Amino acid sequence: MNIALLTLSEITEIHGREGNFTVSITKYPRYVDMEKCIACGLCAEKCPAKTIDVFNEGLNRRRAIYVPYPQAVPLKYVIEADQCIYFKKKGRCRACEKFCPTGAINFDDQKEDITIDVGSVILTAGYKPFNPGPLDNYQHGRLPNVVTGMEFERILAAGGPTGGHVRRPSDGNTARRIAWLQCVGSRDINRCDNAYCSSVCCMYAIKEAVVAGEHVGARYEGTIFHMDIRTFGKDFEKYYNRAKDRGVRFIRSRVHSITEKNSTGTLTLTYVTEAGRNISEDFDMAVLSVGMEPDESAVDAARNLGIGLNPFNFVKTDDLDPVATTRPGIYVAGVLQGCKDIPSSIMEASAAACRAGISLAGSRGSLVRSRKFPDEISTDSAEPRIGVFVCNCGLNIGGLADVPAIAEYAGQLPGVAHVEENLFTCAQDTQDKLARVIKEKNLNRIVVAACTPRTHEALFQETIRNAGLNPYLFEMANIRNQCTWCHSEDRDRATEKAKDMVRMAISRAALLEPIPELSVPVKKSALVIGGGVAGMTAALSLADQGFPAVLVERSGKLGGNALDLLKTWRGSNVKRFVSGLIRQVEAHPDISVLLNTCITGASGFVGNFETVVRTGDLSRTIAHGATIIAIGGRATDTDEYLYGRNPRVTRWHDLDKAPDRLKDARSIVFIQC
143 MNIALLTLSE ITEIHGREGN FTVSITKYPR YVDMEKCIAC GLCAEKCPAK TIDVFNEGLN
203 RRRAIYVPYP QAVPLKYVIE ADQCIYFKKK GRCRACEKFC PTGAINFDDQ KEDITIDVGS
263 VILTAGYKPF NPGPLDNYQH GRLPNVVTGM EFERILAAGG PTGGHVRRPS DGNTARRIAW
323 LQCVGSRDIN RCDNAYCSSV CCMYAIKEAV VAGEHVGARY EGTIFHMDIR TFGKDFEKYY
383 NRAKDRGVRF IRSRVHSITE KNSTGTLTLT YVTEAGRNIS EDFDMAVLSV GMEPDESAVD
443 AARNLGIGLN PFNFVKTDDL DPVATTRPGI YVAGVLQGCK DIPSSIMEAS AAACRAGISL
503 AGSRGSLVRS RKFPDEISTD SAEPRIGVFV CNCGLNIGGL ADVPAIAEYA GQLPGVAHVE
563 ENLFTCAQDT QDKLARVIKE KNLNRIVVAA CTPRTHEALF QETIRNAGLN PYLFEMANIR
623 NQCTWCHSED RDRATEKAKD MVRMAISRAA LLEPIPELSV PVKKSALVIG GGVAGMTAAL
683 SLADQGFPAV LVERSGKLGG NALDLLKTWR GSNVKRFVSG LIRQVEAHPD ISVLLNTCIT
743 GASGFVGNFE TVVRTGDLSR TIAHGATIIA IGGRATDTDE YLYGRNPRVT RWHDLDKAPD
803 RLKDARSIVF IQC
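Residue numbers (the numbering used here): 143 to 815.
Put into C-alpha cells, the structure is as follows:
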C-alpha cells in the first residue's frame, strides 16, 4: 500500500542532496495494461513466438509474452518486443491481442520519463553470476552436462524446466554422479581478475549436493572439489558435517579440465590429489560454482550518480559504516556493496533503511496511506464451510508425500466445502484465486496445508481479509517442516501423518470464531541491552529517528569488546571510532545510559513491555515498546596448545591489548578454528 513498484524502469539521474533528491526515471513499455491484465495466461498459450527463458537460465524456452516466473510481483504479463512477431514483421500476428479476454494488450505503449522527489536513495541492484564460458578447460556452453550453480538451481526447482527432477540436459536421463567445482570466477587472478571470495558458493554447493541427493535417491554420489570450504555462518558448519554424514565427498583439489567421454554425455574430470596423484574420474554432470560480479549496468549507473567504487567495481563503503556510499544520503545494501548471502543482505537492507529513515524522520507519516478492507462477512450463525488448500511447495511437500491423496482425504471430512492443491499456495496468482474461491463458494473458514505459519500466516490472513473474512478464521497445518522434512525417506508415513495434521487443522478451523482487532497504544521508546558497538549503534539509530532509547550495560563503561581492538583489517582506527560512538551516545538527549545495571525481570507484549532493571541495590521498571538484545560475546577459554601455561601462547583477542608483546617476535604462528 505504501510501496510503489516501478518495474521495467531505470534511474537516469539523481539531482539534489540528502533529504531532497530529484530522481529521473525512464519507464520502458510493457505493452500490457496492468490494470486490465488478469494473468490468465491465455495470451502466452496462443503466442507463436518462442525465445530463451532467461529466468530458467536458458535451459528451456518461453513465449514472447510472458511472466518471468509464477510468483512474480506484480503478476502481470509483458511483451519482449525484440522477440515479438508483431514488432519484428511490422504488424503481423497480434495473436495475444485477439485472444486476451480483457483487452489488456497495448502495442502502442511508449516509454515514459518521470521524476520523483525523495529524501533518501538505497541502491540494491544485486549482481550477475560470473560467466564461465571463456574458461575453455571447463567447456561450459560446449558440453551440455556442464552447468553453473544457478542453472542447477533451476533444475532442482519444482517450477523449473525439469519439474525438479535431476536430469541431464544432454539426454534427460537421471544424473546420479554429480561433481561441484568451487571457486569458478572467485579467488582467481589467473583466468579472471576476481581476487575476492564470493562468500556464498561453498554453502550453495553443499546445499545443492544435499538436495540433489534427496531428489535422486538411491545410487546418488555427490562430490565437491574445493580449495577451502568456508562454512562461517550460523549453523553452516553443522550443515557441512550433515552433508558429509550423508555421503557427500569433499576433495581438496582444483579440477584441471573437463572432457566428454566418447560423445555419451558422460564427463571425465581430471585433477591432482593432495598427495600429488593424477586422477581421472567420470561423472554424469558437473556443476560450476560460479562467483558473483557487479552487473555492468549497475556499475555504469553508480558512476553516473557519482558513487565511488572499489577496485572490483562494488560500491565503495567504509568498513565501519558499511551501508553509506561516498555520496551523502545515498545508501547501499546487498551484493552491490560486496559478496554476501541472503540473510546478510536482509540485515544490511534493514540497516540501510534505518539510515534512510533518519534522514526522513522529520516528515515521517506525511505520505502514509491506509489500506481499506471490505466489510467482514458475518459468520455468527453460519455452519462451517471450510476451504482446504494443500500446497506442493515445489518438491518440499509434493516430492515427499502424496498431495492428491491428502487433498482427497480432506474433501471427505465434515464441514469441508472445497479442496484444491496448488504448486505454490503463496504465489500471487494462487492468492488471487484463493480470494476468488472464498467468494464463489461462500467459504467461511480457511485451512492451508503448507509450510510454516511463522513466515506465511500473515500473508494468508491478509488474503482472506481482502476477501471479506475475518483474518482469524484461518488455520494452518505445517506439513512441510513438521512432516515431509521429518519423514523424507518414508513417503507413506509422511502422507499418513500429513492427513492427520490436516484433519486436526480442519477440526480446529470448525471451532474458530471471528476475533475483532483492537488498537492498543504503543510505547514509543526502546530498551537496548548491551553497551558495545552494536548496542550503541542501535540506540543512536533509534534516537536519531526521534525514538527515546534506554541503553543498559552490565559493566561500568560503554564499548564492550571493541575497547580492546586497535584497527580493522583495512586499517580503520577502532579506538577512535568507539570513542566517537561513546561521546555521541552520552551527549544524545534521547538516550539514557544505565551502567553497572542488569535485567532482573521482563513482561508484556509487542509494543508494550515492562522490564525490571537493577543498578546496585536500586531496582526500577522501564516501560518500552521494543527491545533490542545486543549483549555480544566473549573469547572462548581453552587449555589447548599450552594456552595458560606458556606466556608465548595467546589468543588473537588479547594481542591488541598488549601489542608490545610482538615487538621482539621473529616468527608468529596463527592456529585457526
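For every residue, glycine included, the Cβ atom is placed at its ideal position computed from N, Cα and C.
Predicted model only: the values in this text are computed from it and were never measured.
Under 8 Å between C-beta atoms of residue i and residue j
i	j	result
A647	A609	no
C111	V590	Because the chain here runs from 143 to 815, residue 111 falls outside it and cannot be looked at.
S262	A466	no
C839	S340	Because the chain spans 143 through 815 in this model, residue 839 falls outside it and cannot be assessed.
T154	T168	yes
R310	M427	yes
E617	R650	yes
G476	T149	no
A668	G774	no
Y346	G283	no
E695	L723	no
G674	A772	yes
M176	P216	yes
R622	A600	no
A552	V558	yes
K231	C179	no
L555	R633	no
Q687	I500	yes
I817	C182	Summary: the structure shown does not reach residue 817, with the chain confined to residues 143 through 815, and so no result is reported for it.
G364	G161	no
Anticipated Cβ contact below 8 Å, residue i with residue j, distance rounded
i	j	result
H560	K583	5 Å
I366	R391	7 Å
L822	V720	Nothing about residue 822 can be read from this structure; the chain reaches only from 143 to 815.
L277	R333	6 Å
T605	A577	6 Å
V174	V220	6 Å
R205	A223	About 13 Å; that fails the 8 Å criterion.
A494	V510	Actually they do not touch by this definition, with Cβ atoms about 20 Å apart.
R419	M369	With 8 Å as the limit, R419 and M369 do not qualify as a contact, their Cβ atoms being about 18 Å apart.
V342	D483	5 Å
I764	V692	6 Å
A321	F425	4 Å
Close beta carbons around residue i, own chain, < 7 Å, minus the five adjacent residues each side
i	result
R607	F515 and P613
K666	F689 and G767
G302	N198 and R296
S630	E356 and L542
F378	M345
Proximity to residue i [Cα-Cα], best of the options
i	options	result
A685	T149, R756, G504 and Q603	G504
D313	H282, A680 and G407	G407
S520	L430, E655, N336 and G507	E655
G743	E659, H282, S395 and V754	V754
E550	T567, V530 and C593	V530
V670	M678, L147 and P470	M678
Q324	V429, H629, Y228 and G389	V429
T769	T739, L737 and G749	G749
A385	G746, D250 and I371	I371
A636	K218, H357 and L542	L542
R469	L478, P485 and G448	G448
H357	I539, D732 and K230	I539
N336	P453, F378 and L705	P453
V397	T410, K403, D387 and N404	T410
D250	R172, D806 and N144	R172
I528	L615, E782, F425 and P216	L615
E423	E518, M369, I548 and E402	E402
C815	A214, E782, G786 and K799	E782
K641	K581, Y170 and A547	A547
W627	Q603, T594 and P801	T594
Cβ neighbours of residue i in the same chain (closer than 6 Å, five flanking residues each side left out)
i	result
L784	V791
S399	N279 and T412
Q281	V288 and I400
Y362	R318 and G355
I657	Y614
Residues near residue i by beta carbon distance below 8 Å, same chain, minus five either side
i	result
L585	R527, I528, G529, A559, H560, V579 and L611
Quiz prompt | Contact between the stretch 435-451 and the stretch 267-287 (3+ Cβ pairs under 8 Å) | solution = As far as the Cβ criterion goes, the stretch 435-451 touches the stretch 267-287, which means the pair count is three or higher.
Quiz item: For the stretch 705-714 against the stretch 757-765, are there 3 or more C-beta pairs whose distance is under 8 Å?
Solution: Using a Cβ-Cβ distance cut-off of 8 Å, the stretch 705-714 and the stretch 757-765 are not in contact, since fewer than three pairs of beta carbons, one from each stretch, lie closer than that value.
Quiz item: Taking three-plus beta-carbon pairs below 8 Å as touching, is the stretch 437-455 in contact with the stretch 348-368?
Solution: These segments do not touch.
Quiz item: Does the stretch 249-257 touch the stretch 198-212, meaning 3 or more C-beta pairs lie closer than 8 Å?
Solution: Per the Cβ contact rule, the stretch 198-212 is not in contact with the stretch 249-257 (fewer than 3 Cβ pairs under 8 Å).
Self-check item: Contact between the stretch 148-162 and the stretch 232-245 (3+ Cβ pairs under 8 Å)
Solution: The stretch 148-162 makes no contact with the stretch 232-245; the number of CB pairs closer than 8 Å stays below 3.
Quiz item: Hey, is the stretch 244-251 in contact with the stretch 448-461, meaning 3+ C-beta pairs nearer than 8 Å?
Solution: The stretch 448-461 and the stretch 244-251 do not touch, with fewer than three beta-carbon pairs separated by less than 8 Å.
Quiz item: For the 8 Å Cβ check, are there 3 or more pairs between the stretch 792-809 and the stretch 699-708?
Solution: These segments touch.
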